[in-house]
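Taking it in order: structure first as structure tokens, then the write-up.
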Amino acid sequence: MSDRTRALLRFHVRRYGQYKENELAQLSKESERAARAHGLVERASQRRALNVSKKSELIRSVKGTRDLLPPETSLWQRVEDEARRVFAAYHFQEIRTPVLELTALFARSVGEDTDIVMKEMYSFQDRDEESLTLRPEATASVVRAYIEHSLYNQGGIHKLYYLGPMFRRERPQKGRYRQFYQIGAEVLGSDHPVIDAEVMEMLVLFLERVGVREFALLINSVGCPRCRQEYLKVLRKALESVKTNLCGDCRRRAETNPLRVLDCKVEADQPVIEKLPRILEHLCPECRQHFDRVTGELNQRGIPHQITPRLVRGLDYYTRTTFEVTSGALGAQNAVLGGGRYDGLSEMIGGPPTPGFGFSIGQDRLVLAVEQAGHLKPREALAAYVAWLGEAALAPAQNLVRELRRGGWSVEIGYEPMKLKKSLGIANKLQARFAIIIGEGELAGGRYQVKDMSTGAQEPVEPARIASYLKEKLGAIV
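The sequence shown begins at 44 in this note's numbering and counts up one residue at a time.
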């Protein structure tokens, strides 16, 4: 068997569980022929997929994905704009990384035994036989970019934020999709506990700005590699006598990654998990001091929080502080965001020792919470619709529209001549705040009629004053 075939089969063991590890040694040339045949079948399937249909069949979006349409996208933009404003106030700068990364990046950082790597990643062999993955999360990508571009040589602390799509093959449900969106931030270059508290303070401010005021901040420490190893010995011993009472995933985790058992969401497992040893009782003195300083800083800043000993998060790279924010507006699946410290991640992927702390917000779920709260509204889509009556009014109408648009106002105009009633109907359908009416009488009098579409009130305004009139009425450019 070739090294490449052996590597691919091992990848499939981890990724799909198709073969048992002890069977690899028994696979011979038949396996290679089967793998080649499997490749031919896959390529044939791909050709069929590209050859969708000769008929006029409707092609729908991929299962677990969705289209975001106006006016919902306006609310998303407002959330993103608020994130940028708050993050900039704390001196974070934007970073943009590719959605495609080498599979090894996530296998090493997230952990081969995590559900993300074993069950959820979209991975494929590129034509040059590299294994690529659509990013399931962005922290590893940010740290990879930090290392690749030698940002550590610049010294100091680097504060970076990102917004964009991530991909996991999860079971689609409300607020959870296979292509989903995250807003996140990372602080690289310091292990000071004040950074942990300051980032959580920034998140509290952001949630308040978008109108989500009913939430809970949950916090824990998962220790450092030294004290965690001692805790894992205790945890494994405790699991030996109870693992048969747990779900299949937890029985597997008890052998491969016992800490993940604490992250189980299966309701029937909770009474068993609740009685397991707690990691907070096994922290080394340095980790205990770090955690006490973080919680002390939160208290000093007046930030309510709940110490939650079972909070371990789903990624292997976390050390010391881990945290989540939950919202009652989201029902059982109530996590809005989460994060923590990852002081060893840089070394995992070939970089220098670099402490880090960060978080990611599930934007799909956050927008649901924002909608439930009802404090942040989509922007007014259209400030004004210009209705021109008669060919003589067309050029003045176009001039007005051009000037208003240059001033930053959202304005629409009809392209075909029509009667006033139809024009006003279109303005109403487009949800314009104002209709600006230009006809022969308005041209002769030197003032255009500006109609408030919400109240029906109408008044004449000189063309040169219309921009300031809109600003006066609307308060700001919408």
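Don't be surprised by glycine CBs; every beta carbon is placed ideally from N, CA and C.
Residue i burial status per 10 Å Cβ neighbour count (16 or more: buried)
i	result
R214	exposed
P398	buried
N65	Per-residue confidence for N65 stands at a pLDDT of 43, beneath the threshold of 50, marking its modelled position as unreliable; no derived number is given.
F167	exposed
P236	buried
A427	buried
D386	buried
E310	exposed
P179	buried
P301	buried
K516	exposed
H325	buried
L373	buried
R76	Because R76 sits at a pLDDT of 49, beneath the cut-off of 50, its placement in the model cannot be relied upon, and the point is left open.
L248	exposed
L101	exposed
G345	exposed
S466	buried
T299	exposed
Residues near residue i in its chain [Cβ-Cβ closer than 6 Å; skip 5 each side]
i	result
A80	Any reading at A80 is ruled out, since the residue's pLDDT is 48, under 50, leaving its predicted position unreliable.
V368	F258, L260, V379, L380
W431	L437, A440, I481
R49	Any reading at R49 must be qualified, since the residue scores a pLDDT of 46, below 50, and its modelled position is unreliable; the value itself is stated next. Around R49: no qualifying Cβ.
V277	P320
A131	none
H348	L260, I262, L341
Neighbourhood of residue i by C-beta, 8 Å cutoff - its chain only, sequence neighbours within 5 removed
i	result
D169	L175
D495	R476, F477, Q501, K516
Cβ of residue i within 9 Å of any chain C Cβ
i	result
S453	Of the chains in the structure shown, none is chain C; there is only one protein chain.
Selection from the options that minimises the alpha carbon distance to residue i
i	options	result
G457	Q441, E100, C290, A150	Q441
E485	A475, C330, G433, E515	G433
D110	I479, D407, A475	D407
I322	A372, N263, C290	N263
S497	P503, A475, I509, K514	A475
V153	R356, G518, A478, S284	R356
G489	P503, F477, A478, I479	P503
A435	A297, A487, Y195	A487
V105	E241, S466, Q222, A416	Q222
L289	R279, R303, D312	D312
V315	L326, C293, T299	C293
E505	L443, G254, G371	L443
Y133	Y360, I238, A500	I238
G371	D171, L101, A416, G207	A416
R187	S389, Y274, A507, Y491	S389
Q197	E172, T108, L231, R445	L231
P328	M461, R256, R269	R269
E125	R303, V255, Q272, G518	V255
R448	T299, L513, E273, G518	L513
V172	M161, I392, T146, T364	Note that residue 172 is Glu in the sequence shown, not Val. When each option's Cα is compared against that of E172, the closest is T146.
CB of residue i within 9 Å of CB of residue j, strictly
i	j	result
Y224	M245	no
G394	G382	no
I200	S233	yes
R353	L305	yes
A412	G450	no
Y195	T140	no
L409	V242	no
V142	G207	yes
G218	Q376	yes
G266	T351	no
T116	Y220	no
C307	R296	yes
R128	E137	no
L112	E414	no
Contacting residues, own chain, Cβ-Cβ under 7 Å from residue i (five flanking each side not counted)
i	result
P114	P421, A424
E317	none
E229	T182, V185, L203, G399, G401
E251	none
L473	L425, Y428, E455
L177	V142, L143, Y165, F210
Touch test, the stretch 274 to 285 against the stretch 328 to 347, Cβ-Cβ under 8 Å, three pairs minimum: No, the stretch 274 to 285 is not in contact with the stretch 328 to 347.
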